[in-house]
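Enquirer: I'd like to ask some things about the structure below.
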Amino acid sequence: MSIDYGERIPNNVNLAEDRRLQRALESWQPGFLRWWGEMGPALPTQDVYLRTAVAVGREGWAHFGHVALPEYRWGIFLAERDPDRRIAFGQHRGQPVWQQVPGEFRAELQRLIVVQGDTEPASVEQQRRLGLTAPSLYDLRNLFQVNVEEGRHLWAMVYLLHAYFGRAGRDEADALLLRNSGSEDSPRILGAFNEETPDWLSFFMFTYFTDRDGKYQLGTLKESAFDPLSRTCEFMLKEEAHHMFVGTTGVDRVVERTATLMREHDTDDIQKYGGIPLDVIQKYINFHYSVSLDLFGGETSTNVANYYTAGLKGRWQEERRKDDHLLTEAATTVQQVVDGRLADVRLPALTALNADLRGEYIADCATGLTRWNRILDGVATLYLPHVGFNRQVGVFAGHHLTPDGRLVDRATWEHDRDRWLPTPADKAYVHSLMRPVYEPGKIAAWLAPPRNGINGRPLDYEYVHL
Amino acid sequence: MSAPEISFDTHPDRYRHLRVEYDGEIARIVLQVDEHGGLVPGYELKLNSYDLGVDIELYDAVQRLRFEHPEGRAVIITGGLEKVFCAGANIRMLAGSSHSWKVNFCKFTNETRNGIEDATANSGQTYLAAINGTAAGGGFELALACDRIILLDDGSTAVSLPEVPLLAVLPGTGGLTRLVDKRGVRKDLADVFATRSEGVRGSRAVEWGLVDEAVPRSRFEETVRRRAAEAAARSTRPRAAEGIALTPLEREVSADEIRYPNVTAALDRANGLVTITVYGPRQESESWPLALTRELDDLILRLRTNELELGTWVIKTQGDARRVLEAWQGDGWPADEIRHYYKRTLKRLDVTSRSLIALIEPGSCFAGPLLELALACDRQYMYDEEGTAITLTEANFGAFPMGNGLSRLAARFLGDPGHLAKLRQETGREIDAAEADEQGLVTFALDDIDWADEVRIALEERAALSPDALTAMEANHRFAGPETLETKIFARLTAWQNWVFNRPNAAGPEGALRRYGTGQRPAFDRKRV
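Chains A and B are the protein sequences, given in the same order. For the first sequence, this note's numbering gives the first residue as 105, with consecutive numbering after it. For the second sequence, this note's numbering gives the first residue as 130, with consecutive numbering after it.
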């Protein structure tokens, strides 16, 4: 029996003609569906109003319709190929980009793809129980949209492993399904992806802060000299934008509800009115922002420097930068703790690329704060904590910095940390608000309704059939 | 990096990089390297990577386990950091080191690993590696020295030998040799493994023979304990024996002398030589063999590491041969343990890159075990006068084998096995210079007229020759007979790794070792040599 690959697996990689890829995916796909069944959303649903990418053109990449989740057509899409694209940085700068993996860089490229790929299904696993407490069908649908697209991003990485990395790539693709978030025996590679997302405020924070880290990582891989990786990531970034949207507007709506309650009752203490107090929101920001900063790794990294020189992983917006794109002579300054004080230390730019990317990320995160403070409109203000606050990785690890960037001793930190980070009581309170609202058009009391529905649909549209 | 004066003294109270936990028959060495505890400035010991300072602690721990812990029948080596077992020798340290430093460091590392295998084979103290995180390069090589390797099977943890692909050097402390010779890994799979920087995980590592078993996290600890208990149950180590404390050595160091109670070394910098004198027991002494061995071991390490330009070691003894032989009598614990230690110390001498010259003079006591010191030398000069003698004992016929598995006498008379058998009839009596010369036990027997000049000229001649050529020549001559795992490990370190270390592709300004960590790729000279 012949299988219509174009129908079953939407793609623009000519899957119907590629026997090697077909064989690889045929054995991998059942494993993926089994994984989705076991580790995907825990809430049973009939169908969900989802966007499915069926082509990469302006028309094709967003088709909407109700789909039963396991029948979602996870596709394989790469952004259109630019036949004249040249390597923008590193020792191969100016040469045509690679359409095949150079043997010299096989191990490094495979590692980059595996680490990126490992985070995609991890977030699905972390969020699997959230559907049970969704604040509205609209939000439930957004959760599932994020989940299926993370699943598709896994497909995208698996495609690269299958298509370009031979047997070792197939083994790694299988391992992506074997590791599971929070599993004792085979956890996900990065520690932050082994914590369950416990509530919807965390989910919004995660999609705002942690998915944004993903956006920046994808942005550096989009610059890669390995063209299939570059094109894959470019298309993933389009979908990632939706995840950011869910996070940004999610926090918007929580803040909006909180501001409304504070104004109505002229008090900060809005717990008794069912809202989330602003200081709790701030603590969640502090937590999620600081753990997301850890995902950028140490300020200095020789691996990342190697990746850059080899052309495997560039800087954010590499081609817009005005320098030699080699960085062998360049220097940069990075803030560190020196002799008990914060000081700017001059370092070779090449080994400080993690700090460079983190700087771009921090500036981007700040836009959300501006947004939320506009919503608060003077009622109060939210802030981003100092980059050194609550850090476990890099130069600030082992030091204690307050959110406003003061170095304090351990005792002070222990004494005041409950003012800065969510306490068990804070989490219990947020948890207590998590009651499912599955009635079309209705919304939980701790957040404001969205401004618009999905794809022009009204708010009371049945986005999910339970 | 200029070589600092290195001391090999340490004590568990002062360890910075590891801790040893004791639980009855099972001990556990937990590697938790202090990033900021490098022996010299210029690098951080990240990810449980090691330098000589870490290795000195490991050697100390291994020695103390043997002498201070007769109850220890199995030893688990494991990592004390999150997701890390051991990342091997620190690359920045290697990149910043002189050639001689790298060589000495690797040699000492090898000797400790061989000591681990010796404990397993001869002391009923079986080593197991519990790889609970990344084991790369020298980290995996350390595991390879263990009798059993248990790998955490979590979908992430890999064993690897990434030296060739990442650093353009070799896993030179026995890694390649132990893969194919000890563990019997097929050469084609070893080829794939040693060129694949990401290494091999889980069940494939078992299939390829890289590890013995791969165990999920939930059963890992239990499995490690069970394997250790099984090894302990097989142990032949004596029960209810009393440990021997390895107390701090008495050592006085001055500009031209290193002095211990039973050994002295006179440093003659002008002539590039050291005169090492070993003193026999001054009275009947059971503790003399261990004390002497520890002092000799320490002296060899210090001279090798700190005195590179003293290229000739003259070895003498002084004392009463009868007391020497009495002191070495005794069986079981701890005599056997001490004999194995003396054996390892003699092996250290065998692989020392110095010209070794024995002077057998009046008042000397080259008898039985101490005669091995002379036999380890490249030449033996014996003073020919009445009363100067050497004594063969049964100990010279196999108690202290070399790395090639042969006694020094068997290697010396490799071409004449009949003579070896005949010498076995000559044990237990004094052999004078003329007879020693006739029996081939010494190189030259010289009378009082010739002695001083002959010896002086020989030493001056020696000092004038190329140190590199001498090192290479001596190594070629010392190990007559079969290749073993041990001889291969040292020979390949010497010949191959040290060659690679010297080549521009590794150590040149654009070589992989120098470029490592700068973010720049190495530039290779593509010509095969």
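We put the CB at the ideal spot given by N, CA and C, even for glycine.
#1: Using three-state DSSP, classify A/P200 as helix, strand or coil.
#2: Evaluate contact between the stretch 187 to 194 of chain A and the stretch 414 to 424 of chain A, counting only Cβ atoms and requiring at least three cross-stretch pairs below 8 Å.
#3: Only counting the same chain, and skipping five residues up and downstream in sequence, which positions put a Cβ closer than 7 Å to that of B/R433?
#4: Cβ closer than 9 Å: which chain A residues qualify as neighbours of B/A347?
#5: Leaving out five residues before and five after A/E338 in sequence, what residues of the same chain have Cβ atoms less than 7 Å from its Cβ?
#6: Do B/A565 and B/I519 have their C-beta atoms within less than 8 Å of each other?
#7: Starting from B/D283, find everything on chain A with Cβ-Cβ shorter than 7 Å and list it in chain order.
#8: Can the beta-carbon of B/T446 be found closer than 8 Å to that of B/F495?
#9: Please report the distance separating the alpha-carbon of A/V568 from that of A/L154.
#10: Identify, in the order they occur along the chain, each residue of the same chain with its Cβ nearer than 7 Å to the Cβ of B/L290, setting aside the five sequence neighbours on each side.
#11: Using the three-state DSSP reduction, which class does A/F313 fall into: helix, strand or coil?
#12: So the candidates are B/P651, B/F196, B/Y179; which of them puts its Cα closest to the Cα of B/N219?
#13: If we define contact as Cβ-Cβ less than 8 Å, is B/S326 a contact residue for chain A?
#14: Runs of 3 residues minimum, wholly inside the stretch 358 to 420 of chain B: which ones carry the beta strand (DSSP E) assignment?
#15: Grouping DSSP H, G and I as helix and E and B as strand, with all else coil, what is B/E559?
#16: With DSSP collapsed to three states, give me the class of A/N115.
#17: Is there a Cβ of chain B sitting closer than 8 Å to that of A/R215, yes or no?
#18: Taking A/H535 as the reference, give the member of A/D481, A/Y388, A/D508 with the closest Cα.
#19: Taking all protein chains shown into account, decide if A/Q199 is buried (16 or more other Cβ within 10 angstroms of its Cβ) or exposed.
#20: Where does B/L575 land, buried or exposed, given buried means 16+ other C-beta within 10 angstroms?
#21: Output yes if chain A places a C-beta closer than 8 Å to the C-beta of B/P170; else output no.
#22: Shorter than 8 Å from the beta carbon of A/Y268 to some beta carbon of chain B?
#23: Output needed for B/T393: all residues of its chain with C-beta closer than 6 Å, excluding positions within five of it in sequence on either side, in chain order.
#24: Please classify B/V335: does DSSP put it in a helix, a strand, or coil?
#25: How would you label A/M105, buried or exposed, when you count the other beta carbons within 10 angstroms and need 16 or more for buried?
#26: Go to B/L257, then tell me how far its beta strand (DSSP E) extends in each direction, as first and last residue.
#27: Evaluate contact between the stretch 315 to 322 of chain A and the stretch 444 to 458 of chain A, counting only Cβ atoms and requiring at least three cross-stretch pairs below 8 Å.
#28: Please work out which residues of its chain come closer than 7 Å, Cβ to Cβ, to A/G273, disregarding the five sequence neighbours upstream and downstream, and give them in chain order.
#29: Can you name, in chain order, every residue of its own chain whose Cβ lies under 7 Å from the Cβ of B/S131, other than the five neighbours on each side?
#30: Hey, does A/R419 have any beta-carbon neighbour from chain B nearer than 8 Å?
#31: Here's the rule: buried if 16 or more other CB atoms are within 10 angstroms of the residue's CB, otherwise exposed. What is A/T516?
#32: Rounded to the nearest angstrom, what separates A/S287 and A/N298 at their Cα positions?
#33: In terms of residue numbering, what span does the alpha helix (DSSP H) encompassing B/L588 cover?
#34: Tell me the DSSP secondary structure of A/R335 in three-state form.
#35: For the alpha helix (DSSP H) holding A/T301, just list the boundary residues, first then last.
Expert: Taking the coordinates as given:
#1: strand
#2: yes
#3: N233, T481
#4: According to the sequence provided, residue 347 of chain B is Ser. The question's Ala does not apply to it. Result: E288, D289.
#5: A183, K326
#6: yes
#7: D289, S290, P291
#8: yes
#9: 9 Å
#10: G266, F269, P300, G304, F322, A323
#11: helix
#12: B/Y179
#13: yes
#14: 381 to 383, 386 to 388, 392 to 397, 402 to 408
#15: strand
#16: strand
#17: yes
#18: A/Y388
#19: exposed
#20: buried
#21: no
#22: no
#23: T406
#24: helix
#25: Residue placement at A/M105 is flagged as unreliable, the pLDDT there being 40, under the threshold of 50; a coordinate-derived value is accordingly withheld.
#26: 255 to 260
#27: no
#28: Q214, L265, H266
#29: Only weak support exists for where B/S131 lies, its pLDDT of 48 falling under 50; the value from the coordinates is given anyway. Once the five neighbours on either side are set aside, B/S131 has no close Cβ partner at all.
#30: no
#31: exposed
#32: 8 Å
#33: 580 to 593
#34: helix
#35: It is not in any alpha helix (DSSP H) - A/T301 carries neither H nor E in the DSSP assignment.
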